[in-house]
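There are 2 protein chains.
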Amino acid sequence: MIKHALQARRATDFAKWYQEVISEADLAEESGVRGCMVIKPWGYGIWERIQKLMDAEIKKAGIDNCYFPLFIPLSYFEKEADHVDGFAKEMAVVTHHRLKAVDGKLVPDPDSKLEEPLVVRPTSETVIGAAMARWVQSWRNLPLMVNQWANVVRWEMRTRMFLRTSEFLWQEGHTAHADEAGAMSEMLRALEMYRAFAEGPLAMPVIAGEKPEHERFPGAVTTFSIEAMMQDGKALQAGTSHYLGTSFAEAAGIKYQDKSGNQQLCHTTSWGTSTRMIGGVIMTHGDDDGLRCPPQIAPHQIVIIPMLREKDADEDQAVLDYAKSLKSKLDERTAFGEPVRALLDIRSEKAATKRWSWVKKGAPLIVEIGPRDVEGGKLALIRRDQLYNDDGRLATRFPEKQSFIEEAGALLEDIQSSLHREADLRLHDNIHRDITDIKEFYDHAGSYPGWVEVQWSKPSGAALDKIVEQLKELKLTMRNVPLDASPADGACYFTGEPAVERILIGRAY
Amino acid sequence: MIKHALQARRATDFAKWYQEVISEADLAEESGVRGCMVIKPWGYGIWERIQKLMDAEIKKAGIDNCYFPLFIPLSYFEKEADHVDGFAKEMAVVTHHRLKAVDGKLVPDPDSKLEEPLVVRPTSETVIGAAMARWVQSWRNLPLMVNQWANVVRWEMRTRMFLRTSEFLWQEGHTAHADEAGAMSEMLRALEMYRAFAEGPLAMPVIAGEKPEHERFPGAVTTFSIEAMMQDGKALQAGTSHYLGTSFAEAAGIKYQDKSGNQQLCHTTSWGTSTRMIGGVIMTHGDDDGLRCPPQIAPHQIVIIPMLREKDADEDQAVLDYAKSLKSKLDERTAFGEPVRALLDIRSEKAATKRWSWVKKGAPLIVEIGPRDVEGGKLALIRRDQLYNDDGRLATRFPEKQSFIEEAGALLEDIQSSLHREADLRLHDNIHRDITDIKEFYDHAGSYPGWVEVQWSKPSGAALDKIVEQLKELKLTMRNVPLDASPADGACYFTGEPAVERILIGRAY
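So the sequence lines, in the order shown, correspond to chains F and R.
For the first sequence, counting from 1, position 35 maps to 35 in the UniProt record's numbering; every step adds exactly one.
For the second sequence, counting from 1, position 267 maps to 267 in the UniProt record's numbering; every step adds exactly one.
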């Protein structure tokens, strides 16, 4: 019987387990400000790794980073009607620019009321569109491709750390093109970048595909997403890419003179990923001992804990020297084409406390060094993804120091691919393609329902609304039409009409 | 007679020149949103370089990055009285969380009024203090040191790009310590980090010192700053570091149990630098041809322009191949301990247009390659900090390709130190220590007034107010008491009483 580091169990209370991982791995906490979280060093360190790796991919695609205003005047939103409808209901609105003290309390100064209220950006299509309209004159300026790393705010009634918070951090790419083909190709490039990023650095397998009509970004012609399967079988939308047609260009006036001298509207795209990905990583790789952090995004990949007994100063010094020399040797090694990130943990805590704090945080490799290791030229190694032996004891290994140094990079790469393999099997084993009765299936699917793929005729309007409503009663939603799904060859599950494609259905965050 | 790239001249209209550099170097532009700017790729690229290098210094000091909420409840501000007084007058206040359409116009929905308005953070002492109160229990948790990279908002009536905008980007460090000595030492460490950063990567010489009482951060015990001298002789405060005593700790409840088991208040610090530094770089290094970007923070250090004539495809291909091979060789070189950043500019613009765009942006080295260079194994090189010969023509050199590759790193380092040297001479030549009549001095100081250092008795209260008022009439302010100023040895310039220290006075941004 294993004594796990957490109280909650994934199998019995997934929601509670998720909160406990976040708290015990010291990733984030409630801030006291409604709907906003504090991202703590380990959580923010993961975000910094994500930023660094994703930013390199964005730059490689020839896209420049910029920064646009936090505030968007209301009038910008009024220009694109569908966009307003989609966002108007959940925005933070700035109405005053000064406070004054009244009876010892601070209140907004009525004299400082803004003529035009400002919205705190929920996304930046409108304000970036206004800039693009200034920047684009001729076909020579196209494609115009920018990205920003920023905070955005969407007022949420029910919040959940990393998954749905009123304020979150993200990147948003915005591009303008001469024609639909150029814009569609960029939209798909971004989608593929997200797919490869999820499967690579996050070790999180995903299904990339097109969202159904009613799940599109407000104002978009089409929206694509990557969907990951969490360990409770639910879907997490982990990134989206939109082709916006010419409607945002028309609202903002993004026009160019083509080679024949005619004025044309640009075709635009936008695409984004956010701190939500960290929630996905937790629910993909976490276990009953906390997070298992994929090595590529772990702020520290190898944590070295010297076992200082504080009895014999010479002995402690020898242990410390040995640990330091190990760290400096590891610093010279590489994994994933980058220098290995090793940390020497010299906090004044007990070694066991330190060990379990790193287990819960999910450091991929944990090394402990005691006097006997120094004598034998060895070390004690815990591999976070293979924590216990069959007998329920910690699966500690005792490699030679030198061979560990040489193998460290390969070990980290092995952990990364082993985490991916485990999640990939789970994803593909739990997409069900032979379900004839969705209600019955989910009624009996137990604790790990997974997703269902069905053929459908892709109706719109009232017919679509009816299907959406039916699914909603079962707490189900349509996720996406996988890019690599087989062609339809039968009848629509919902309407009985000839099907045109296959779509994934599941419970979702 | 040199024909400069800009219309405005530093010597005759510095303010207009500053705006023109920003626009012609494509650094930023007005956004259309009151007081907010759009930071364009070249400007944001400089900020990314600043972030990268500063972040490394912050991490080296053992400080962790976190992220705290954008919104701060009013009640947090009410806790620290001096802090409120200092900031309450210029904050963006969120009062509603939803919009609704009324007669086709969007308005804040009255039903969505917040019970407690939220302030968009002007700085984060209060909200980070609340987190620190949760995180600190015992002396073992100290020092607690965090930093965040974030946007902040201070409502400004008169704005100026990079120098004073309603929204700006910055880093803010916040630390809690067991005692005054620990906090003061961290406050001075951050100050020294800023001084070294300004003099190093920004090539911008500064004077580090203590601000006088009336210029302190609201609620601080003491504030230190770095002050840089712009090319119009005005001072720019380019970074500040504060010792906050125990008042913020008291307001937020940041307490720890000391080794004897007693509850103690923490001593806290905060320190920040912002996108304002980019304004400082422009006004320190810009000339009548645009920006001269210090190589350490230049997004591209060497720009290679192939001269394609579009007459002979083979010839163009040979030029392009030669340019590409040059770039790939430069990519292998280092400067300042980092890989050289070279760009091959293949935009479909005329070579002369490209050349002048990079001159105005301030790329440190501009390389042009034509068919004759390919034949001769040479290249045409423009060094941005030595743009013209004495005869007013561009000072183009024609080094061998191979020797340029070998010397590129050293050339960049030489440009960096030459920019610093030029600014350093200007700074030290224009601090006047023998002025007996400040009014008369500034009345006749002409276009380059510089600063005055005087001895003073450091009065406070009404006596200080009177001096501040006198100076204000001359549009002068006290900058700081330099850390390395000579000790006082005479009478106070203002009061005639025995002086206690020397203080810098100047016009300022």
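All residues carry an ideal CB built from backbone N, CA and C; glycine is no exception.
- By alpha-carbon distance to residue 212(F), the top candidate from 225(F), 205(F), 201(F) and 203(F) is 225(F).
- Taking the Cα of residue 184(F) as reference, the smallest distance to any Cα among 130(F), 152(F), 246(F) and 151(F) is reached at 246(F).
- For residue 206(F), the closest of 444(F), 284(F) and 318(F) by C-alpha to C-alpha distance is 284(F).
- Judged by beta-carbon spacing, residue 219(R) lies beyond the 7 Å limit of residue 307(R), meaning their Cβ atoms are not closer than that value.
- Residues of chain R with a Cβ closer than 8 Å to the Cβ of residue 91(F) are, in chain order, 97, 98 and 99.
- Between residue 474(R) and residue 442(R), the C-beta gap is smaller than 7 Å, which places the two residues in contact.
- DSSP places residue 450(F) in the coil class of the three-state scheme, outside both helix and strand.
- Residue 214(R) counts as exposed, since fewer than 16 other beta carbons sit within 10 angstroms of its beta carbon.
- Of all residues in the segment 22 to 40 of chain R, the ones placed with a Cβ closer than 7 Å to any Cβ belonging to chain F are 31, 32, 33, 36, 38, 39 and 40, in chain order.
- Scanning chain F for C-beta atoms nearer than 7 Å to the C-beta of residue 57(R) yields nothing, as the closest lies near 15 Å away.
- Between the C-alpha atoms of residue 310(F) and residue 317(F) there is a straight-line separation of about 10 Å.
- By the C-beta criterion, the segment 332 to 342 of chain F is judged to be in contact with the segment 401 to 419 of chain F, since at least 3 inter-stretch pairs fall below 8 Å.
- With a threshold of 7 Å between beta carbons, residue 151(F) makes contact with chain R.
- For the segment 354 to 383 of chain F, the full-length beta strand (DSSP E) segments reaching 3 residues or more read 365 to 369 and 380 to 383 along the chain.
- Taking residue 496(R) as reference, the option from 488(R), 502(R), 485(R) and 456(R) with the minimal CA-CA separation is 456(R).
- In the DSSP assignment, residue 185(R) falls within the unbroken alpha helix (DSSP H) covering 180 to 199.
- At a beta-carbon threshold of 7 Å, the residues of chain F lying near residue 66(R) are 38, 39, 40, 41 and 44, ordered along the chain.
- Around the beta carbon of residue 433(F), a 10 Å sphere encloses fewer than 16 other beta carbons of the protein chains shown; the residue is thus reported as exposed.
- By the Cβ rule, the segment 287 to 295 of chain F counts as touching the segment 347 to 364 of chain F, because three or more pairs are nearer than 8 Å.
- Under the 7 Å criterion on CB atoms, residue 94(F) is classed as interfacial with respect to chain R.
- One thing to note: residue 136(R) has its Cβ no nearer than 7 Å to the Cβ of residue 198(R).
- For secondary structure counted as the alpha helix (DSSP H) over 4 or more consecutive residues, the segment 53 to 118 of chain F holds these complete runs in sequence order: 74 to 78 and 81 to 87.
- The closest CA to that of residue 23(R), considering only 422(R), 145(R), 269(R) and 37(R), is found on 37(R).
- DSSP, read as helix, strand or coil, puts residue 251(F) in helix.
- A residue is called buried once 16 or more other Cβ atoms fall within 10 Å of its Cβ, and residue 201(R) is buried on that count.
- The Cβ of residue 20(F) sits no closer than 7 Å to any Cβ of chain R.
- If you look at residue 318(R), you'll find it in the alpha helix (DSSP H) that goes 313 to 331.
- Setting aside the 5 residues that flank it on each side, residue 114(F) is surrounded in the same chain by 94, 95, 96 and 97, each with a C-beta closer than 8 Å to its C-beta; the list follows chain order.
- Counting along the chain, the unbroken alpha helix (DSSP H) around residue 132(F) starts and ends at 125 to 135.
- Going by DSSP, residue 428(F) is part of the alpha helix (DSSP H) stretching over 401 to 429.
- For residue 341(F), the closest of 188(F), 438(F) and 302(F) by C-alpha to C-alpha distance is 302(F).
- Neighbours of residue 336(R) across chain F, judged by C-beta separation under 8 Å, do not exist; the nearest C-beta is about 18 Å away.
- Rounded to whole angstroms, residue 167(F) and residue 217(F) show a C-alpha spacing of 19 Å.
- A residue is called buried when at least 16 other Cβ atoms come within 10 angstroms of its Cβ; residue 347(R) does not meet this threshold and is exposed.
- For the pair residue 266(F) and residue 252(F), the CB atoms are not nearer than the 7 Å cut-off.
- Assignment of residue 386(R) by DSSP, reduced to helix, strand and coil, places it in the helix class.
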